[in-house]
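Accompanying notes for the structure given below.
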Amino acid sequence: MKKVLVVTGGRADWTPLLSVVRAIDRAENLSLSLIATGLHLLGDFGLTLTQIKEEFSFVEEVSFYKSHAPIFSSFSKGVSSLGDAFCRIKPDLILILGDRIEAFAAAISAFLLQIPLGHIHGGERTVSGHMDESMRHSISRMAAIHFVATEGSKERLFRMGEEEWRIHRVGAPALDLILSTQESE
């Protein structure tokens, strides 16, 4: 049985990850581990960890934001704390979504520990040129396998030098959650 560790940093990635996490949890050949970090653990952002624990009681908490500390201090703590957790959990694959700082810290830790990384929503573009763009493409370069939403994202990763067999166009996982909600009504 393969152990898949999903790392989530906040509401922005948890909602689209939820359908994927549920599918991994139901799969007979996969064992699910969960880490909640970043904004999930902060009361100012709704303490969304409680929502995760309503469905998944086995979630591990990895805190790395420091009050009033520069972002680089929190980031370096995140890389270290996530790396320690990865060593304890010993996953076969780490799965992250997107381009936020929590995903970037998880990607660096996985890469340095040589744990295969799966990246959902790589190859996308941010028109504003925000820092998320650089983090997303950096995560993609560290990932072993890519789960993209569109053909354009797939082509972009291929042009960045990613091997075609590593790129899988699976659509947007948030749509699965929307469709499952509509079916249950």
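Going letter by letter, the sequence shown gives residues 629 to 813 in this note's numbering. The beta-carbon is built from N, C-alpha and C at its ideal position, and this holds for glycine as well. Quick caveat: nothing in here was measured; it's all calculated off a predicted structure.
Taking buried to mean at least 16 other C-beta atoms within 10 Å of its own C-beta, is residue i buried or exposed?
{"i": "residue 750", "result": "buried"}
{"i": "residue 782", "result": "buried"}
{"i": "residue 635", "result": "buried"}
{"i": "residue 719", "result": "buried"}
Beta-carbon separation of residue i and residue j under 8 Å?
{"i": "residue 770", "j": "residue 745", "result": "yes"}
{"i": "residue 871", "j": "residue 688", "result": "The structure shown has nothing for residue 871, since the chain only spans 629 to 813."}
{"i": "residue 665", "j": "residue 701", "result": "no"}
{"i": "residue 647", "j": "residue 801", "result": "yes"}
{"i": "residue 748", "j": "residue 775", "result": "yes"}
{"i": "residue 722", "j": "residue 738", "result": "yes"}
Quick one: what does DSSP say residue i is sitting in, helix, strand or coil?
{"i": "residue 689", "result": "strand"}
{"i": "residue 726", "result": "coil"}
{"i": "residue 705", "result": "helix"}
{"i": "residue 678", "result": "helix"}
Quick one: residues in its chain with C-beta nearer than 7 Å to the C-beta of residue i, no 5 flanking neighbours on either side, listed in chain order?
{"i": "residue 799", "result": "777"}
{"i": "residue 703", "result": "729, 733"}
Judging by CA-CA distance, which residue of the options is the nearest neighbour of residue i?
{"i": "residue 759", "options": "775, 748, 675, 729", "result": "729"}
{"i": "residue 640", "options": "727, 663, 683", "result": "727"}
{"i": "residue 787", "options": "672, 803, 768, 719", "result": "768"}
Closer than 7 Å to a non-hydrogen atom of the ligand MG - does that hold for the CB of residue i?
{"i": "residue 664", "result": "Among the components of this structure there are no ligands whatsoever, and the ligand MG is therefore not found."}
Tell me which same chain residues have a C-beta within less than 6 Å of the C-beta of residue i, skipping the five on either side of it?
{"i": "residue 645", "result": "636, 725"}
{"i": "residue 772", "result": "744, 745"}
Sorted by chain position, which residues of the same chain lie with C-beta nearer than 8 Å to residue i's C-beta, five sequence neighbours on each side aside?
{"i": "residue 638", "result": "666, 667, 668, 673, 676, 728, 730"}
{"i": "residue 670", "result": "693"}
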